[in-house]
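Asker: Below is the structure I would like to discuss, written out as structure tokens.
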Amino acid sequence: MNQVFALVDCNNFYVSCERVFNRRLEEVGVVVLSNNDGCIISRSNEAKALGIGMGVPAFKVRSILENNNVEVFSSNYALYADMSDRVMQTLSMFTPEMEIYSIDEAFLNLAGIGDNLTDYGRQIKTTVEKWTGIPVSIGIGSTKTLAKAANKIAKRTDDANIVVDLTDSNDIDKVLESIKVEDVWGVGLKRAAKLRYAGVETALGLKNADTNRIKREFGVVGVRTVYELRGISCYRLAQNPPTKKTIMVSRSFGRAVDDIEELKEAVACYAARAGQELREEKTAANFMTLFVMTTHSRPYRRIFNSDTLGFPTATNYTPELINYSLNALERLYRSGTCYKKAGIILSGLVPENKIQLSLFDEFDRDKSRRLMQTVDYIKNMMPESNLRWAAEGLSQPWQVKFSRRSHRYTTRWDELPEVA
DNA sequence: TCTGGGGTCCTAGGACCC
DNA sequence: TCTGGGGTCCTAGGACCC
Numbered sequence: 037m038n039q040v041f042a043l044v045d046c047n048n049f050y051v052s053c054e055r056v057f058n059r060r061l062e063e064v065g066v067v068v069l070s071n072n073d074g075c076i077i078s079r080s081n082e083a084k085a086l087g088i089g090m091g092v093p094a095f096k097v098r099s100i101l102e103n104n105n106v107e108v109f110s111s112n113y114a115l116y117a118d119m120s121d122r123v124m125q126t127l128s129m130f131t132p133e134m135e136i137y138s139i140d141e142a143f144l145n146l147a148g149i150g151d152n153l154t155d156y157g158r159q160i161k162t163t164v165e166k167w168t169g170i171p172v173s174i175g176i177g178s179t180k181t182l183a184k185a186a187n188k189i190a191k192r193t194d195d196a197n198i199v200v201d202l203t204d205s206n207d208i209d210k211v212l213e214s215i216k217v218e219d220v221w222g223v224g225l226k227r228a229a230k231l232r233y234a235g236v237e238t239a240l241g242l243k244n245a246d247t248n249r250i251k252r253e254f255g256v257v258g259v260r261t262v263y264e265l266r267g268i269s270c271y272r273l274a275q276n277p278p279t280k281k282t283i284m285v286s287r288s289f290g291r292a293v294d295d296i297e298e299l300k301e302a303v304a305c306y307a308a309r310a311g312q313e314l315r316e317e318k319t320a321a322n323f324m325t326l327f328v329m330t331t332h333s334r335p336y337r338r339i340f341n342s343d344t345l346g347f348p349t350a351t352n353y354t355p356e357l358i359n360y361s362l363n364a365l366e367r368l369y370r371s372g373t374c375y376k377k378a379g380i381i382l383s384g385l386v387p388e389n390k391i392q393l394s395l396f397d398e399f400d401r402d403k404s405r406r407l408m409q410t411v412d413y414i415k416n417m418m419p420e421s422n423l424r425w426a427a428e429g430l431s432q433p434w435q436v437k438f439s440r441r442s443h444r445y446t447t448r449w450d451e452l453p454e455v456a
């Protein structure tokens, strides 16, 4: 049987989440900023029309924002993650198999659904919008890359109800010709420049490119993209989230930090977060890398320094992770230097029930596991409790800034929306 | 003055082994 | 003086994605 993929993508996702709880934001320019209110990472159509680019630093478009009364929000990840869950749950009712590809996108397997895929797509779209308040775009194709392309077309069409189905299309080529090569899934800045230099400017051009040449210039990844454009599927649906291979927790500070005590708090905080994620994944780490980054300093250099170490026994026990990370920090820290960012990368992840115990292990693993279970439980049930390890500090002056965050409407009792 | 965070996969090259 | 061939594993870096 032929494969059929649908790509469902939430429109301007973060902005749409804000709009669900704030009617005032309909039909006006809205943007959402990254951590520390640094960059623009989500824009309403009105904001896009003002020429505000994706990923641009907020300070560069400040006057545009102010002159046009654009509503500006800090990121509210608790809200977005919860809204994402709702969307994904709704989608899962329409397919036996789906892959959650990112916070705002999912691939659905629609093979065997029948002839009228467009109708089925519309049904999905209306249901998601009705149940969650989030508008979505849907593209359908015989490969993931074609579904992505179809989605692109759906997004740029004015008709709000459109679902683009390329499996039904006799003139896929005509559609592909209208897509710029840099808009093809898997073609980024570098590859696009090289392709254009070689005279390939559209998705159609890439589809018809000589595979030997593509292989030479772009390796197997490039060839796969060409095949996918030709309707030969190279990427399967990845089911029930594949286990992570690394876990990274890193943040820029709200301000420059030179005091090692403050740095220690931040690092302990990231280690605690990383440990929690390990346990959520039911994995333990064998390696840890700590990195720190200095502020920009003349002449425009950022110094990045890192230290990797292997644990004697794979672990997901937070106090242990904090200890190791603080030791690593002592090695990296140079007094008199201003730091702007730190982060922890955990790798060599193994299932927690398959930990190879060291002969000289002195920890009571069972006791520590129960302690972590209790801590995680309290944190999940009572996020407002602010339960944390002593090493994470109390006032946390280095904390990331979210000066314009909306309420966490769906995950905090104390921030429920009010009905006037 | 102010530029996010979290991932994956592939490749080339070096170390090492027989 | 001549100086093989094949394989694995690991790592760093590049490119891409959202």
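Heads up: the first sequence is residues 37 to 456, going by the working numbering. Where a beta carbon is used, it is the ideal one built from N, C-alpha and C, also for glycine. Here the structure is a predicted model, which means the values were calculated and not measured.
1) Between Ser-383 and the rest of its own chain, which residues show a CB-CB distance below 6 Å, the 5 nearest in sequence each way excluded?
2) Output needed for Tyr-445: all residues of its chain with C-beta closer than 7 Å, excluding positions within five of it in sequence on either side, in chain order.
3) Relative to the C-alpha of Asp-294, which candidate in Leu-362, Arg-249, Glu-317 and Tyr-375 has its C-alpha closest?
4) Identify the continuous beta strand (DSSP E) that holds Thr-344 and give its terminal residues.
5) What are the boundary residues of the beta strand (DSSP E) that Val-455 is part of?
6) Among Glu-316, Ala-234, Gly-241 and Val-303, whose alpha-carbon lies nearest the alpha-carbon of Glu-366?
7) What residue range is occupied by the uninterrupted beta strand (DSSP E) comprising Leu-314?
8) Can you grab the Cα-Cα spacing for the pair Ala-83 / Asn-71, in whole Å?
9) Is Ile-358 helix, strand or coil when you go by DSSP?
10) Name the two residues that bound the continuous beta strand (DSSP E) containing Ala-142.
11) Could you check what DSSP says for Asn-322 in three-state terms: helix, strand or coil?
12) Hey, quick one: how far does the beta strand (DSSP E) through Leu-465 stretch, first residue to last?
13) Considering just the uninterrupted stretch of the alpha helix (DSSP H) at Glu-35, what are its terminal residues?
14) Is it buried or exposed for Lys-180, if we count other Cβ within 10 angstroms and need 16 for buried?
15) For Tyr-263, name the three-state secondary structure that DSSP assigns.
16) Decide yes or no for the touch test of the stretch 104-120 against the stretch 137-153: beta carbon pairs closer than 8 Å, at least 3 of them.
17) Are there 16 or more other CB atoms within 10 angstroms of the CB of Tyr-50, so buried, or fewer, so exposed?
18) Output yes or no for whether 7 Å exceeds the beta carbon distance between Lys-243 and Leu-265.
19) Quick one: residues in its chain with C-beta nearer than 8 Å to the C-beta of Ser-431, no 5 flanking neighbours on either side, listed in chain order?
20) Within the continuous beta strand (DSSP E) that includes Ala-378, where are the two ends?
21) Just checking, does the stretch 283-290 make contact with the stretch 144-154 on the three C-beta pairs under 8 Å criterion?
22) With H, G and I counted as helix, E and B as strand and the rest as coil, what does DSSP make of Val-108?
23) Assuming Leu-357 and Val-328 are in contact, meaning their beta carbons sit under 8 Å apart, how far apart are those beta carbons, in whole angstroms?
24) Among residues of its own chain, excluding the 5 on either side of Thr-325, which ones have a beta-carbon nearer than 6 Å to its beta-carbon?
25) What residue does the alpha helix (DSSP H) around Leu-231 start on, and which one ends it?
26) Are the CB atoms of Asn-105 and Leu-86 nearer to each other than 7 Å?
27) Alpha carbon to alpha carbon, how far is Gly-89 from Val-411?
28) So what does Lys-216 bridge to, in DSSP terms?
29) Please name the residue, chosen from Gly-65, Thr-126, Asn-81 and Asp-246, that lies closest to Val-108 on a Cα-to-Cα basis.
30) So, with DSSP's three-state summary, where would you put Ser-78?
31) Taking 8 Å as the cut-off, does the stretch 124-132 touch the stretch 91-98 (at least 3 CB pairs, one atom from each stretch)?
32) Can you grab the Cα-Cα spacing for the pair Arg-401 / Met-418, in whole Å?
33) Can you give the Cα-Cα distance for Ala-321 and Phe-347, rounded to whole angstroms?
34) In terms of residue numbering, what span does the beta strand (DSSP E) encompassing Ser-288 cover?
Answerer: The structure says:
1) Thr-282 and Phe-323
2) Phe-57, Leu-115, Glu-451, Leu-452 and Pro-453
3) Tyr-375
4) 340-351
5) Careful: Val-455 lies outside any beta strand (DSSP E) and carries neither H nor E.
6) Val-303
7) Unbroken run through Leu-314 is the alpha helix (DSSP H), 296-317; no beta strand (DSSP E).
8) 19 Å
9) helix
10) 141-145
11) strand
12) Residue 465 is absent from the model: the chain starts at 37 and stops at 456.
13) In this structure the chain extends from 37 to 456, so residue 35 is not present and cannot be described.
14) buried
15) helix
16) yes
17) buried
18) yes
19) none
20) 375-383
21) no
22) strand
23) With 8 Å as the limit, Leu-357 and Val-328 do not qualify as a contact, their Cβ atoms being about 17 Å apart.
24) Ser-342, Thr-344 and Ile-381
25) 225-233
26) no
27) 42 Å
28) Thr-238
29) Gly-65
30) strand
31) no
32) 26 Å
33) 8 Å
34) 283-293
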